[in-house]
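> Once you've had a glance at the structure underneath, I'll fire off some questions.
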Amino acid sequence: MKIQKASLFALYAVLELASDPERQLSATDIADKYGISTHHIAKILRTLVRSKLVQAVRGAGGGYRFTGIMNRTTLLDVIGLFETLESEIDAPSPNGQVAGAVVQELQSITDEIDDLTKAILDTITLETALNSSRQRARLSAQE
Numbered sequence: 014m015k016i017q018k019a020s021l022f023a024l025y026a027v028l029e030l031a032s033d034p035e036r037q038l039s040a041t042d043i044a045d046k047y048g049i050s051t052h053h054i055a056k057i058l059r060t061l062v063r064s065k066l067v068q069a070v071r072g073a074g075g076g077y078r079f080t081g082i083m084n085r086t087t088l089l090d091v092i093g094l095f096e097t098l099e100s101e102i103d104a105p106s107p108n109g110q111v112a113g114a115v116v117q118e119l120q121s122i123t124d125e126i127d128d129l130t131k132a133i134l135d136t137i138t139l140e141t142a143l144n145s146s147r148q149r150a151r152l153s154a155q156e
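To get the working numbering, take the position in the sequence shown, counting from 1, and add 13.
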């Protein structure tokens, strides 16, 4: 399974904003930090605003700030705004009953992997992800 770029960029934006909910950042601030096009991140931020995870603050010094609930919002909640996380085997049409059964079995396996991945992403809150990233940063600084 591969998470689409829009979902990954949304996670960057949400985690960046959630790291300090009182702080406002512009789309350009986030785009520059993560090497993303400002146009692309602005589009993602609009979706996050509609979902009420992020608030757009207008005017001078405006930007975006996190308004979700960090200890209840999961990575799957954010990813689900941009994709369904469903894998499908890209196989040619099977010839015969045995080949069809093999393709069906492989699709069943990928479906199970998708279900496990979703279950894991649904247990990791933004708060957990931020705490883990802060701990990782501290460990890296000590090396």
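Just so it is clear, CB atoms sit at the ideal spot from N, CA and C, and this is done for glycine as well.
Here the structure is a predicted model, which is why all the values come from computation and not from measurement.
1. Are the CB atoms of R91 and L24 nearer to each other than 8 Å?
2. Look up Q17 in the DSSP assignment and say whether it is helix, strand or coil.
3. Report the three-state DSSP secondary structure of R78 (helix, strand or coil).
4. Would you mind giving the Cβ-Cβ distance between A142 and L28, rounded to the nearest angstrom? I have them listed as a contact below 8 Å.
5. Mind pulling the alpha helix (DSSP H) runs of 4 or more residues that sit fully within the region 24-93?
6. So, does the region 32-48 touch the region 76-83, judging by three or more C-beta pairs under 8 Å?
7. When the cut-off is 8 Å and only beta carbons count, does D124 lie next to chain C?
8. What do you get for T87, buried or exposed, if any count of 16 or more other CB atoms within 10 angstroms of its CB means buried?
9. In the DSSP assignment, the alpha helix (DSSP H) including T141 goes from what residue to what residue?
A quick look at the data gives this:
1. Per the sequence shown, the amino acid found at residue 91 is Val instead of Arg. Here V91 is near L24, since their CB atoms are less than 8 Å apart.
2. coil
3. strand
4. 6 Å
5. 40-47, 51-63, 88-92, all fully within the region 24-93.
6. yes
7. Of the protein chains in the structure, only one exists, and it is not chain C.
8. buried
9. Note, T141: alpha helix (DSSP H), 139-155.
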